[in-house]
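Residue numbers (the numbering used here): 3 to 500.
For each residue, glycine too, the CB sits at the ideal point set by N, CA and C.
All values derive from a computational prediction rather than experimental measurement.
Reading through the structure tokens given below for one structure.
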């Protein structure tokens, strides 16, 4: 193992070589790290620079724990020190902006390539943690879906939980998406953002910011948030902002969660979008049929997808926006009791999940997925939400990422599915209290896997099938005769020809 002084020198030289700071800043970086670790002189000698700082950071945090420099040797305190070390290496936010826009003047892609690499090199994007996730594809009836068992969620230590109970409460920052997170050191119950850097952009005359997600679910997974801490909305301006983002970054897609619970994302209190540089499964889905919106310059299609998705395509986004707004505004007050669609009860229910991109032909595409947040006594989590028979796999809301065919499943499934595979291979019963018992019995005797590995692989297909059916649960107009007739009624209510 390298000693702490050697690791400090590695961090300093790594920062210079990878452009985290300027060469002139090296003495400052080195001295900041010496101060952090209460040392009075640097390493002298030759060093070998690694490709990644992650193993070096692990050794440095281990040293801090042994030297009693950590308040507690728990995941949260280790992560906070890790971030503090990396923050010592990183240029100021103003310098990040200056470098980004100097590259942007050459091309938007050069700017985002540099920014994404910077965020990975400084370990803001937790590449090492993300690599722990279990990823697999599922060949659905529509297109290849992508499934992730998420193992990146930090564990909580019981000592942290006890300490958090007696700590003074604060509402700073107001939420995970507020600008005040830039450089925030973190605390128990709130992660460090010391290495967070954001890029200011203007959308529809307002200041917004562009950043990357620390736990990327796909390539260049970005978040775009409003400067103001204002709740999620859904109106015509949503489309204007999404398309303006595409003007700035035409190599990305961008989409929005809804503004309503049940069918929304995890953060409803702060207006934001998510995007990235990845072909999502829904983007690759084929059209089922076309309909006319009254403008020959806009092609309109119903997408062959388990959720109700309408796709508008054209060369001019200004032609698409009013048609997209008409769909939204009609849907917001649309009722179809035969389909259990009620736009209002004691609150509003109808909304959409919109996604925009530029397709391979250089045309603008706008996908509009119809959503409804109605709950009933029989389905208290949502009528158009994963139904109870699928909660063993997916109980959480179906947000933007799942709508597009990428499922983020809970980490508990790693060990639970291993148990199911063992039982299936050995033809034994699952424990009575297993959440998978009914699901397991539905396929247990259909066929017998010849090996444990075969059982594990077959389970991936079965999990994928559940995910596909979860999207069917979330569809407001089902893919059957009655559902498709209902969808055509809605399209006609919009004034379209079907």
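Straight-line measurement puts the Cα of residue 345 at about 6 Å from the Cα of residue 337.
If you draw a straight line from the Cα of residue 388 to the Cα of residue 268, it is about 16 Å long. Within its own chain, the residues whose Cβ lies closer than 7 Å to the Cβ of residue 308, once the five positions on either side in sequence are excluded, are 144, 470, 473, 474, 477 and 481, listed in chain order. Spanning the alpha carbons of residue 172 and residue 189 requires a straight line of approximately 10 Å.
When secondary structure is reduced to three states using DSSP, residue 413 falls in the coil class, being assigned neither helix nor strand.
Per the coordinates, the alpha-carbon of residue 230 lies some 18 Å from the alpha-carbon of residue 186. CA-CA distance, residue 88 to residue 294, rounds to 54 Å.
Between the region 118 to 132 and the region 389 to 401 there are fewer than three C-beta pairs closer than 8 Å, too few to call the two in contact. Cβ neighbours of residue 375 within its own chain (closer than 6 Å, five residues either side excluded): 262, 264, 265 and 351. About 7 Å separates the Cβ atoms of residue 10 and residue 44, confirming a contact at the 8 Å cut-off.
It is roughly 15 Å from the alpha-carbon of residue 437 to the alpha-carbon of residue 464. Taken atom to atom, the span from the alpha-carbon of residue 79 to that of residue 197 is near 16 Å.
Per DSSP, reduced to three states, the secondary structure at residue 284 is helical. Within the region 229 to 316, the runs of alpha helix (DSSP H) that reach at least 4 residues and sit entirely inside it are, in chain order, 238 to 250.
In the three-state reduction of the DSSP assignment, residue 320 falls in the helix class, which pools H, G and I. Non-local beta-carbon contacts of residue 259 in its own chain, meaning distances under 6 Å to residues more than five positions away in sequence, involve 266, 267, 401 and 402 in chain order. Here the region 279 to 286 lies against the region 205 to 224, with 3 or more beta-carbon pairs under 8 Å apart. The residues 371, 372, 477, 478, 479 and 489, in chain order, have a CB closer than 7 Å to that of residue 310 in the same chain once the five nearest residues on each side in sequence are set aside. Judged by their CB atoms, residue 274 and residue 227 are nearer to each other than the 8 Å cut-off. The continuous beta strand (DSSP E) containing residue 371 extends over residues 366 to 374.
In the pairwise beta carbon analysis, the region 20 to 37 is classified as touching the region 87 to 101: at least three pairs are separated by under 8 Å. By the Cβ neighbour-count rule, residue 142 is buried, with 16 or more other Cβ atoms within 10 Å of its own. Per DSSP, the continuous beta strand (DSSP E) segment holding residue 148 begins and ends at 146 to 151. Residue 82 counts as buried, since at least 16 other C-beta atoms from the protein chains shown sit within 10 angstroms of its C-beta.
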